[in-house]
Structures are given as C-alpha cells and as structure tokens.
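Everything below concerns the one structure shown next.
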Amino acid sequence: MSPRAGNAGPHTLAFVESPVQLLNVLEWAHAHAPGVGLTLVVLSPVDPMTRGQLRRMSDLARDEGHQVRWEEARGGPLAPFQTIGGLSGLLRRARRVVLGDPFSRYVQLLLTITRARDLVVVDDGTATMEFVGQLARGERLVRWHRKGGRPGPRDVVFAPVSAAARRRLTPGERRHIEIFSSMPMTRTPAGVTVHANTFAWTRTRFGPPRITKGADMVGTSLVETGVVDDGRYLEAVHTLARAHGATRYFAHRRESTDKLHRLAAATGLEIVRPELPLELIARRGPIGRTVLSFPSTVVHTLPLALVGTEVRVAVCDIDPAWLTESASPRARDFLSGVTDTARDVHRLSTTAPTAAPNPVTPASPVTPASPASRSGPSDPTGPAPFTATPPSAGLVGPAAS
Numbered sequence: 000m001s002p003r004a005g006n007a008g009p010h011t012l013a014f015v016e017s018p019v020q021l022l023n024v025l026e027w028a029h030a031h032a033p034g035v036g037l038t039l040v041v042l043s044p045v046d047p048m049t050r051g052q053l054r055r056m057s058d059l060a061r062d063e064g065h066q067v068r069w070e071e072a073r074g075g076p077l078a079p080f081q082t083i084g085g086l087s088g089l090l091r092r093a094r095r096v097v098l099g100d101p102f103s104r105y106v107q108l109l110l111t112i113t114r115a116r117d118l119v120v121v122d123d124g125t126a127t128m129e130f131v132g133q134l135a136r137g138e139r140l141v142r143w144h145r146k147g148g149r150p151g152p153r154d155v156v157f158a159p160v161s162a163a164a165r166r167r168l169t170p171g172e173r174r175h176i177e178i179f180s181s182m183p184m185t186r187t188p189a190g191v192t193v194h195a196n197t198f199a200w201t202r203t204r205f206g207p208p209r210i211t212k213g214a215d216m217v218g219t220s221l222v223e224t225g226v227v228d229d230g231r232y233l234e235a236v237h238t239l240a241r242a243h244g245a246t247r248y249f250a251h252r253r254e255s256t257d258k259l260h261r262l263a264a265a266t267g268l269e270i271v272r273p274e275l276p277l278e279l280i281a282r283r284g285p286i287g288r289t290v291l292s293f294p295s296t297v298v299h300t301l302p303l304a305l306v307g308t309e310v311r312v313a314v315c316d317i318d319p320a321w322l323t324e325s326a327s328p329r330a331r332d333f334l335s336g337v338t339d340t341a342r343d344v345h346r347l348s349t350t351a352p353t354a355a356p357n358p359v360t361p362a363s364p365v366t367p368a369s370p371a372s373r374s375g376p377s378d379p380t381g382p383a384p385f386t387a388t389p390p391s392a393g394l395v396g397p398a399a400s
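Here numbering that gives the first Met the number 0 is used: position 151 in the sequence shown is 150, and no number is missing along the way.
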C-alpha cells in the first residue's frame with residue numbers, strides 16, 4: 000500500500016461506472032483528501048473497451064493506496080440484486096459518498112440506501128454541466144441527449160427512485176453536497192459547494208509528454224447516442240483530418256467497431272483504442288502538437304492536463320445539418336455551449352463536407368496506448384487481453400471479455 004494514501008476504510012465510498020469517473024475520483028482524493036484512503040466500487044459495464052480501461056484505472060487506484068471492489072453489476076438478471084445487497088452494509092456505514100454519474104439508475108438506487116451526510120459529485124464529462132443546471136432549476140434528472148423526448152415505460156416505473164435520488168442530491172441542514180468539476184458552471188445550485196478540478200494528480204504522476212509535429216483527432220460517440228448522422232460524421236472527420244494533416248484518431252470507448260472500420264477505410268487515419276482516459280494518454284505522450292476535437296469533454300479537460308506544454312487543442316463545431324431527425328431539441332444548444340464555454344482552445348469554423356470521401360488504403364494498426372509495462376491488474380476478473388484486428392481494418396482494441 001502506498002504511504003500517500005494511508006489506511007483505506009469504509010468511511011468514504013466511491014461509485015464509478017466509467018474510466019473518466021474513476022480518474023476524477025483520484026483527482027478529488029488528491030486535492031481534498033490527501034493521505035486518506037477510500038473504498039472505490041467499480042459498477043462494471045458490459046462494454047469490453049470500458050471494462051479494459053476500468054481495469055487499468057483500478058491498478059492506478061490501488062497504486063495510490065485505495066481499496067478497489069469490482070462488482071459485476073450487469074452480469075445477469077440477478078446481478079443488480081446481488082450487487083445492491085452486497086453493498087448495503089458499506090452504504091449504511093459510509094460517512095461520505097462520491098459518485099460520478101447522478102443520471103445513472105444504478106447510482107440513484109444506491110443513493111436511496113445511504114445515510115451519508117456528505118455527497119460528492121465528480122465529473123462524468125459534459126453531462127455534469129447539465130446535471131448542475133437541472134439541479135439549480137429544480138428539474139428532474141434527464142440526460143441532455145434525451146431531454147425533450149417522451150418518457151418511456153422504464154422511466155415512468157423508475158420515476159419515484161429518480162425523484163428520491165434528486166432529493167438526496169439537494170443540500171439541506173443535514174446534508175452537504177459538493178461538486179468537483181473541470182466543467183464551467185453557468186448557474187450553481189443554492190447551498191452546493193463547487194471545487195475546481197485542475198488535474199493536478201494527472202500532471203504530478205505523468206509527463207511531460209513528447210510532442211510530435213503532426214495532429215491527432217479525438218473521436219466522439221455522438222453517432223452512437225443518436226445525435227449526429229453517421230454519414231455526415233464520417234465526411235466531417237475526413238475533411239477535418241485532410242485540412243489539418245491528422246494521422247491518428249483516438250476512438251471514444253463507445254464508438255462502434257463497424258463505424259471505426261468504415262472510418263479507417265475512408266480516411267486512412269490510424270485508429271487507436273486508448274487503454275486509459277485520453278487525459279492520461281495525452282499527458283504520457285507522444286501526442287500531436289495539435290489535437291482536433293468536436294464538442295466534448297476533452298475540450299475542457301485536455302488544456303488542463305496539458306498546461307505548460309505546447310499542445311494546442313482545436314475544436315470544430317457541429318453543423319446543425321449533421322443532427323439526426325431524432326436528436327433532442329436540446330442537442331444543438333448544448334453542444335454549442337460546450338464549445339462556447341471552453342477555455343484555452345482554438346475554435347475552428349464548422350467544416351461543411353458536401354461529398355462523401357473516396358476510400359483510401361488504411362494505415363497500419365498501432366499498439367494500443369499502454370499505461371504501464373506491468374503484466375496486468377489484480378482485480379478478480381483478471382486482465383483484459385488486447386489484440387490487433389486484421390491490418391486491413393486499421394483498428395486496435397480489446398477482445399470481448
């Protein structure tokens with residue numbers, strides 16, 4: 000156990016479902032609880048890439064002296080009941096609960112059990128901006144890309160739990176709410192304490208990076224969430240990469256393999272599936288002197304992680320014509336707000352592709368960006384194997400677990 004974190008215990012309990020959430024829990028612990036270990040519960044998803052990144056982030060958490068409890072929370076129809084039953088004792092004893100996704104139904108259900116008076120919400124990307132706004136306006140908790148749509152049957156059934164969770168996340172005489180975020184807050188809920196996440200832990204533990212002369216691109220899951228049209232997105236990536244000489248495309252963990260195959264074939268970009276959140280990958284390097292992105296979390300976090308380096312983050316707006324017919328009415332304003340509020344980034348004019356790109360020979364695959372040279376994590380699910388797909392695909396990614 001690292002002497003930095005002291006003795007881990009049940010007094011602070013953190014729940015994470017994504018690698019970014021886990022990273023931001025480590026940032027919060029570094030900034031506000033130095034020398035105090037916590038119990039970190041990973042509510043494991045089924046997506047292989049996310050699981051792989053979570054395993055590697057769990058290694059880093061253990062290196063900091065924190066206890067990691069891996070829960071196969073979605074491992075079958077009985078898994079939620081077994082997970083919640085196994086965590087109920089820890090929840091009732093915890094004095095502080097740290098969580099990364101207040102929109103998660105799993106987390107909302109767990110919040111109805113805890114007696115903790117201190118609740119901390121760390122970043123889960125740009126969704127934190129929407130959560131803070133909804134909390135300030137007294138609205139029900141709905142993810143931004145679903146807002147404006149009609150609630151489904153599951154939403155109706157779960158509504159009482161969601162309402163109870165929202166009450167738990169509202170400050171009161173016996174309840175303190177903290178938000179630890181690198182996102183801009185246009186309206187802070189009354190009584191909520193906000194602390195800035197400056198990525199001090201990331202800068203302390205990694206880098207500075209080696210910077211290459213070229214440009215790298217950052218992928219987004221806007222197609223997978225139904226916000227942006229698939230064809231329009233591929234055209235925009237091709238146009239942007241060609242205009243700025245990008246050679247690598249860092250895939251978002253939720254991007255579909257089929258889309259990435261087509262993107263590699265159409266653009267010639269070298270597709271990289273990172274083994275860690277991009278903030279850590281970029282800080283370790285090598286990283287391009289210019290990083291191209293569409294509106295996403297990284298336009299806020301990468302400048303913080305790369306402060307003091309010569310890397311320039313450039314963001315390209317989403318043309319309204321790229322939005323799907325099913326996109327939420329909120330999508331356009333929200334995405335514009337992500338870009339408008341970003342600091343220390345270079346804003347690109349919207350690319351406007353008019354013709355589909357011609358397929359080109361894809362680049363050779365690369366080895367996944369690796370967090371360390373050790374053999375693998377020690378969590379009970381074992382290491383996540385990474386294999387290269389056939390060279391014609393130009394992809395590297397985790398095998399199904």
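The C-beta atom is built at its ideal place from N, Cα and C for all residues, glycine as well.
Using a 10 angstroms sphere on the CB of Pro294, the tally of other CB atoms reaches 16 or more, which defines it as buried. For the 8 Å CB-CB criterion, Ala250 and Ile270 form a contact. Taking C-beta atoms as the reference points, Phe205 and Ser181 fail to come closer than 8 Å. Gly171 and Gly190 have their C-alpha atoms spaced approximately 8 Å apart. The continuous beta strand (DSSP E) containing Ser292 extends over residues Ile286 to Ser292.
At the C-beta level, Leu89 and Ala60 stay beyond 8 Å of one another. The count of Cβ pairs closer than 8 Å, one atom from the region 323-330 and one from the region 222-241, reaches three, so the stretches are in contact. In the same chain as Leu110, and ignoring 5 residues on each side of it, the C-beta atoms closer than 6 Å to its own belong to Ala164 and Arg167, in chain order.
When only Cα atoms are considered, Thr49 and Arg174 end up about 32 Å apart. In this structure Thr192 is exposed. Its beta-carbon is surrounded by fewer than 16 other beta-carbon atoms within 10 angstroms. Ile112 carries a coil assignment under DSSP once its states are collapsed to helix, strand and coil.
Membership of Glu177 in any alpha helix (DSSP H) is not indicated; the residue belongs instead to the beta strand (DSSP E) covering His175 to Ser180. Contact annotation: Pro276 and Val19 have beta-carbon atoms nearer than 8 Å. When C-beta atoms of the region 135-142 are compared with those of the region 70-85, fewer than three pairs fall below 8 Å, so the two segments do not count as touching. Positions of the alpha helix (DSSP H) runs, each at least 4 residues long and wholly inside the region 227-307, are given as 229-243, 256-266, 277-283 and 297-304 in order along the chain. If you check the CB distance, Met216 and Ala235 do not come in under 8 Å. In the DSSP annotation of this structure, the continuous segment of the beta strand (DSSP E) that includes Ile210 starts and ends at Ile210 to Val217. In the structure shown, Gly171 adopts extended strand secondary structure according to DSSP, grouped into three states.
Cβ contact annotation for Glu309 (same chain, cutoff 8 Å, sequence separation greater than five): Ile210 and Arg288, in chain order. A straight-line Cα-Cα distance of about 7 Å links Ala13 and Leu37.
The continuous alpha helix (DSSP H) containing Leu90 extends over residues Ala78 to Arg92. DSSP, read as helix, strand or coil, puts His31 in helix.
The C-alpha of Val290 lies about 44 Å from the C-alpha of Arg92.
Going by beta carbons, Leu268 and Ala245 fall inside the 8 Å limit. Distance between His260 and Arg282, taken at the CA atoms: about 27 Å.
Secondary structure of Asp62 (DSSP, three-state): helix. Phe198: not part of any alpha helix (DSSP H); DSSP gives it neither H nor E. In this structure, the beta-carbon distance from Val298 to Thr238 does not fall below 8 Å.
Val24 sits away from Arg68, with the two beta carbons spaced by 8 Å or more.
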